[in-house]
Amino acid sequence: MQKRFNFKEVAPNALKAMVGLEMYISNAPISKTSKELIKIRASQINGCAYCINIHTQDAINSGETNQRIFLLNAWREAEGIFTEEEKIVLAITEEITLIHQNGLSDDTYSTALQFFSETQIADIITAIITINLWNRVVLSTHLPIGQSLA
């Protein structure tokens, strides 16, 4: 990949706004597990090796199992591995990350309301949007694994 510009140097105010979103999500009442599943799954869909690397490590450091991480891209077929709440979070993650297909479906949204308040769903959506933003910046700037963006 061709080396590209340093986002932090070229767009420090944009990076500051992105970090602000990340700070909001870090304080949102969504479980740490759900936050990491969102980050990993969206990054898998977007093909962002940089973010997959960071967030799988973060998940493991927070107590996530290798088995669940290995099965994340096949969560629908992984019977008994993910909770119902986690499955709906993953469904929302996929539908919003792949927004161009059908968007967040009425069925998924209705199911989410069985587990989460509207405020929690808004926070889940914000977490998904935030990791998709990071994925797009990293992929667009060809940021190498291990190099710091912030």
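Note that the UniProt record's numbering gives residue 85 to position 85 of the sequence shown, counting from 1, and the numbers run on in steps of one. Don't be surprised by glycine CBs; every beta carbon is placed ideally from N, CA and C.
Rounded to whole angstroms, THR126 and TYR50 show a C-alpha spacing of 20 Å. Straight-line spacing of the CA atoms in GLN147 and TYR24 works out to 24 Å.
Close CB contacts of LYS16 within its chain, under the 7 Å cut and outside five residues either way in sequence, are absent. In this structure, the straight-line span from the alpha carbon of VAL137 to that of MET18 is close to 10 Å. In this structure the stretch 93-109 lies against the stretch 128-142, because at least three pairs of beta carbons, one per stretch, are closer than 8 Å.
For SER62, no alpha helix (DSSP H) segment is defined, and its DSSP state is neither H nor E. Per DSSP, GLY80 lies in no alpha helix (DSSP H) segment and is marked neither H nor E.
In the three-state reduction of the DSSP assignment, PHE70 falls in the helix class.
In the same chain as PHE7, and ignoring 5 residues on each side of it, the C-beta atoms closer than 8 Å to its own belong to ALA14, LEU15, VAL137, THR141, LEU143, LEU149, in chain order. Beta-carbon to beta-carbon, ALA28 and ASP123 are separated by about 4 Å, close enough to satisfy the 8 Å threshold. Residue environment for ASN46: buried (at least 16 other C-beta atoms within 10 angstroms of its C-beta).
When the Cα atoms are used, ILE81 and ASN66 turn out to be separated by approximately 12 Å. Within the model, the alpha-carbon separation for LEU72 versus CYS48 is close to 15 Å.
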